Ligand SMILES: [Zn+2]
């Protein structure tokens, strides 16, 4: 990514581990990853960092083929939109208490209402944390003057 003519290629974020350049390039690109879900991920990453842990990103965009493999059909999902509204994290560096702490932090400060979610579930590539922002037009629906 270029910012003010300078190439920024530092794939390090506190508490966020991005294992591949493919995921890194998705994560930093606002046309591919909704900045709202990315901001949430970075806040949760900071919490993980303060716990001496990290959140490893395992998935952002999901292909039609992968969705069919998981659900048997191309089900609507925050991972199937562009920009993507959902990010998955591995549970492998986290124990039950870590997960509870992160979920509590989300519930206390980051749960901005309907369709924001941060859950652990076991679908697709196995147990993982799923972070999701609402549809981009949801705020407009909420705040539209009547
Ligand atoms: Zn997910």
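In the UniProt record's numbering, the protein residues as written are 1 to 146.
We put the CB at the ideal spot given by N, CA and C, even for glycine.
For clarity, every value in this text was computed on a predicted model and none was experimentally measured.
Between residue i and the rest of its own chain, which residues show a CB-CB distance below 8 Å, the 5 nearest in sequence each way excluded?
{"i": "residue 53", "result": "15, 93, 94, 98"}
{"i": "residue 91", "result": "99, 120, 127, 128, 129"}
{"i": "residue 60", "result": "23, 26, 27, 32, 33, 79, 84, 86, 87, 88"}
Between which two residues does the beta strand (DSSP E) containing residue i stretch?
{"i": "residue 59", "result": "55-59"}
{"i": "residue 109", "result": "Where residue 109 is concerned, there is no enclosing beta strand (DSSP E), given that its DSSP letter is neither H nor E."}
{"i": "residue 118", "result": "117-122"}
{"i": "residue 79", "result": "From DSSP, residue 79 is part of no beta strand (DSSP E); its letter is neither H nor E."}
Since residue i contacts residue j with CB under 8 Å, what's their CB separation in whole angstroms?
{"i": "residue 89", "j": "residue 63", "result": "That pair is no contact at about 19 Å."}
{"i": "residue 31", "j": "residue 83", "result": "6 Å"}
{"i": "residue 51", "j": "residue 110", "result": "So it is not a contact: roughly 16 Å between Cβ atoms."}
Given residue i, which residues of its chain have a CB within under 6 Å of its CB, disregarding the five upstream and five downstream residues?
{"i": "residue 105", "result": "47"}
{"i": "residue 34", "result": "83, 85, 133"}
{"i": "residue 49", "result": "14, 15"}
Along the chain, where does the alpha helix (DSSP H) that runs through residue i open and close?
{"i": "residue 39", "result": "35-50"}
{"i": "residue 91", "result": "From DSSP, residue 91 is part of no alpha helix (DSSP H); its letter is neither H nor E."}
{"i": "residue 27", "result": "21-28"}
{"i": "residue 18", "result": "It is not in any alpha helix (DSSP H) - residue 18 carries neither H nor E in the DSSP assignment."}
{"i": "residue 4", "result": "That residue, residue 4, is in no alpha helix (DSSP H); it is neither H nor E in DSSP."}
Can you list, in chain order, the residues of its chain with a C-beta nearer than 7 Å to that of residue i? Leave out the 5 residues immediately preceding and following it.
{"i": "residue 42", "result": "13, 16"}
{"i": "residue 67", "result": "74, 75, 77, 80"}
*Could you name the residues, in chain order, whose CB is less than 6 Å away from a heavy atom belonging to ligand 1?*
79, 86, 88, 130
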